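Report on the following structure.
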Amino acid sequence: MVESALSRTPHFPRQLMKVRTRFAPSPTGYLHIGGARTALFCWLYARHHGGDFVLRIEDTDRERSTPEAVQAILDGMAWLQLDADEGPFYQTQRFDRYREVVQQLLDEGKAYHCYCTREELEEMRAQQMARKEKPRYDGRCRSRTEPRPGVDPVVRFRNPLEGEVVVKDHVRGTVVFRNEELDDLIIARSDGTPTYNFCVVVDDMDMQITHVIRGDDHLNNTPRQINIFRALGAEPPEFAHLPMILGPDGAKLSKRHGAVSVMEYRNDGFLPEAVRNYLVRLGWSHGDQEIFSTEEMIRLFDIADVNHSASAINPDKLAWLNQHYIKEGDPQRLGEELGWHFERMGVDTSNGPALADVVRANAERAKTLKEMAENSVFFYQDFEEYEEKAARKNLQPDAVEPLTRLKEGLAALEEWKAPAIHDAVNAVAEALELKLGKVAQPLRVAVAGKGVSPPIDITLELLGREKSIERIERAIGHIVQHTAYEH
RNA sequence: GCUCCCUUCGUCUAGCGGUCCAGGACGCGGCCCUCUCAAGGCUGAAACACGGGUUCGAGUCCCGUAGGGAGCGCCA
Numbered sequence: 030m031v032e033s034a035l036s037r038t039p040h041f042p043r044q045l046m047k048v049r050t051r052f053a054p055s056p057t058g059y060l061h062i063g064g065a066r067t068a069l070f071c072w073l074y075a076r077h078h079g080g081d082f083v084l085r086i087e088d089t090d091r092e093r094s095t096p097e098a099v100q101a102i103l104d105g106m107a108w109l110q111l112d113a114d115e116g117p118f119y120q121t122q123r124f125d126r127y128r129e130v131v132q133q134l135l136d137e138g139k140a141y142h143c144y145c146t147r148e149e150l151e152e153m154r155a156q157q158m159a160r161k162e163k164p165r166y167d168g169r170c171r172s173r174t175e176p177r178p179g180v181d182p183v184v185r186f187r188n189p190l191e192g193e194v195v196v197k198d199h200v201r202g203t204v205v206f207r208n209e210e211l212d213d214l215i216i217a218r219s220d221g222t223p224t225y226n227f228c229v230v231v232d233d234m235d236m237q238i239t240h241v242i243r244g245d246d247h248l249n250n251t252p253r254q255i256n257i258f259r260a261l262g263a264e265p266p267e268f269a270h271l272p273m274i275l276g277p278d279g280a281k282l283s284k285r286h287g288a289v290s291v292m293e294y295r296n297d298g299f300l301p302e303a304v305r306n307y308l309v310r311l312g313w314s315h316g317d318q319e320i321f322s323t324e325e326m327i328r329l330f331d332i333a334d335v336n337h338s339a340s341a342i343n344p345d346k347l348a349w350l351n352q353h354y355i356k357e358g359d360p361q362r363l364g365e366e367l368g369w370h371f372e373r374m375g376v377d378t379s380n381g382p383a384l385a386d387v388v389r390a391n392a393e394r395a396k397t398l399k400e401m402a403e404n405s406v407f408f409y410q411d412f413e414e415y416e417e418k419a420a421r422k423n424l425q426p427d428a429v430e431p432l433t434r435l436k437e438g439l440a441a442l443e444e445w446k447a448p449a450i451h452d453a454v455n456a457v458a459e460a461l462e463l464k465l466g467k468v469a470q471p472l473r474v475a476v477a478g479k480g481v482s483p484p485i486d487i488t489l490e491l492l493g494r495e496k497s498i499e500r501i502e503r504a505i506g507h508i509v510q511h512t513a514y515e516h
């Protein structure tokens, strides 16, 4: 399947080649926020240029790679709607091909067997460190012709000794590495399995990747990979190295920063479009614009506008964007997602207001869907007890009269709609010569159990007449009982 | 230690030699609106890491310094 996409003659003029980018995570964990940003940029670049976006799973490390992690990555990309045109390809399914290329390099004298033991290599490194030199392989097996009994050799790439490699990076600009700084890296282990830097090159060549967009922790690998491309007679792709993403405190991202897996953002009530918008502005900008629809991102994205420095995640800004999309989004669709959160909370929403209406009522007062669900449970379940502070302030003896009148007025309404409810509440306030707050707040605490809710008329409409009146009675009872005990 | 990368408000960023006593956004403060909480409107505080050059003129170009980061594996 992979083979059909292969060509051994990648020598078309670059301008005539269709842009092809790839995202190549190693499945050793979930899709974290940094990986997601890299995937987003690769995807945007391909979409902007009408090219292809390829997904490749780099699972050559059999020890640490798991099928669960592969699934987690696929789930994360699906949630962010980063659709791949090809793949996922798995490196573990391409071992024959890697072996073939290793042999080719061996045959051409561009690679050689190295019989040094791990112990010898360690000692060599220790000595170099002691001499304050950069630890690297010294090439002692370069000209060896005889095998060493009892040692399974590794295969090393014969890196050029002189000259330099110039990387014309799309975000970093021109970066020059001297070949003398590089050493002969291992391309095949003693058990015959290929290593990362080698597989990447073979894959990018075979899959005809034109633009490698990845984290800048790979910048130092780039000259080695370019040398391998050349040894293979292939034109290296173009490169763009993205700056890292840091935690809110400016330190390297880790679990202690909370949500690191993109799917955790869903659990926390974030919308994929918000996460995407947040991510695209992390390290990239288009003037002063903050909000980007998918179409705009694709149209405006330019790798040249990517920043050079690492950026820290700002949870507040993500929350702001999330609320923006909650306010702008389709209530019907958001309602479904809200329902997903209620389900996770074990709240049955079948006997309450429509989820889309709850979204409409709360869009301006919730940063996340999770928060919205938590704040709206009272629409679907009776609360155990009143929020203490709100009850102490609003459920006092002086609230009995307004609540009683409210009950009567509301019970008499012909139509249970917000405008009529609004009028009824106002009428009670006027009749009693009270400020609206003196009436609406006790009512709010009575029906919601707490001091915060959407506008009172809308809250009542959504709750329904029966439950509303029931809860008003309950509140009156609560006041009476409480007062009786205290006096 | 060596090589490479990075450095504008707390944070994300605009700026591509003069239009910058540095603009926008999040957050924060104040005011307005208001049945709660929000949302919204107006408004305020807040930054060119440092030192040398180049230039009539530097946040913008060059070189250092300092501070961060990455790589240097039979990990990816």
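Numbering (our numbering), first residue to last: 30 to 516. Using N, Cα and C, we set each Cβ at its ideal position, and we do this for glycine too. Keep in mind it's a predicted model, so treat the numbers as computed, not measured.
Item: Assumed close pair Val468, Leu489 - CB separation to whole angstroms, cut-off 8 angstroms; Value: Between Leu489 and Val468 the Cβ distance is about 12 angstroms, and since that is not below 8 angstroms, they are no contact.
Item: Residue from Gly316, Ser55 and Pro266 whose Cα sits closest to the Cα of Ala101; Value: Ser55
Item: Cα-Cα separation between Val183 and Leu282, rounded to whole angstroms; Value: 35 angstroms
Item: Integer-rounded CB distance, given that Arg243 should sit under 8 angstroms from Asn188; Value: About 21 angstroms separates the two Cβ atoms, so there is no contact after all.
Item: Pairwise C-alpha distance: Val131 and Ala260; Value: 11 angstroms
Item: Inter-residue Cα distance where the pair is Ile215 and Arg91; Value: 17 angstroms
Item: Environment of Asp297 [buried if 16+ CB atoms lie within 10 Å]; Value: buried
Item: Own chain, CB closer than 7 angstroms to Phe70, minus 5 neighbours either side, in chain order; Value: Ile242 and Leu271
Item: Three-way DSSP call (helix, strand, coil) for Gly368 in this model; Value: helix
Item: Simplified DSSP assignment, three categories, for Tyr119; Value: strand
Item: Arg500 versus Gly381: straight-line alpha-carbon distance, rounded; Value: 15 angstroms
Item: Opening and closing residue of the alpha helix (DSSP H) in which Leu111 lies; Value: From DSSP, Leu111 is part of no alpha helix (DSSP H); its letter is neither H nor E.
Item: Rounded C-alpha distance that separates Glu410 from Trp445; Value: Residue 410 is actually Gln in this sequence, not Glu. Taking the straight line joining both Cα atoms gives about 20 angstroms.
Item: Separation of Gly221 from Pro96, as counted between CA atoms; Value: 23 angstroms
Item: Alpha carbon of Met273 to alpha carbon of Lys496, nearest angstrom; Value: 53 angstroms
Item: For Gly312: DSSP bridge partner residues; Value: According to DSSP, Gly312 bridges with nothing at all.
Item: Given Arg147 as reference, the closest of Leu84, Gly312 and Asp181 once Cα atoms are compared; Value: Asp181
Item: Assumed close pair Arg85, Asp232 - CB separation to whole angstroms, cut-off 8 angstroms; Value: 6 angstroms
Item: Segment contact flag, the segment 111–119 with the segment 150–160, C-beta cutoff 8 angstroms, min 3 pairs; Value: no
Item: Helix, strand or coil at Glu193 according to DSSP, with G and I counted as helix; Value: strand
Item: Pro277 to Val291 span [Cα, whole Å]; Value: 16 angstroms
Item: Exposure of Arg295, with buried meaning 16 or more beta-carbon neighbours within 10 Å; Value: buried
Item: Where the alpha helix (DSSP H) containing Tyr141 begins and where it ends; Value: Not the alpha helix (DSSP H): Tyr141 falls in the beta strand (DSSP E), residues Ala140 to Cys143.
Item: Burial state of Ile320, where buried means 16 or more other Cβ atoms lie within 10 Å; Value: exposed
Item: Length of the line joining the Cα atoms of Thr38 and Pro265; Value: Confidence in Thr38 is poor, its pLDDT being 38 and thus under 50, which makes the residue's placement too unreliable to answer from.
Item: Among Arg421, Asp235, Met158 and Asn249, nearest to Lys479 - alpha-carbon criterion; Value: Arg421
Item: Reduced DSSP secondary structure (H/G/I, E/B, other) of Ile320; Value: coil
Item: Cα-Cα separation, Gly368 to Gln361; Value: 11 angstroms
Item: Residues that Ala269 bridges to, as DSSP identifies them; Value: Ile242
Item: Arg177, DSSP secondary structure in three states; Value: coil
Item: Limits of the unbroken alpha helix (DSSP H) element including Ile485; Value: Ile485 to Leu492
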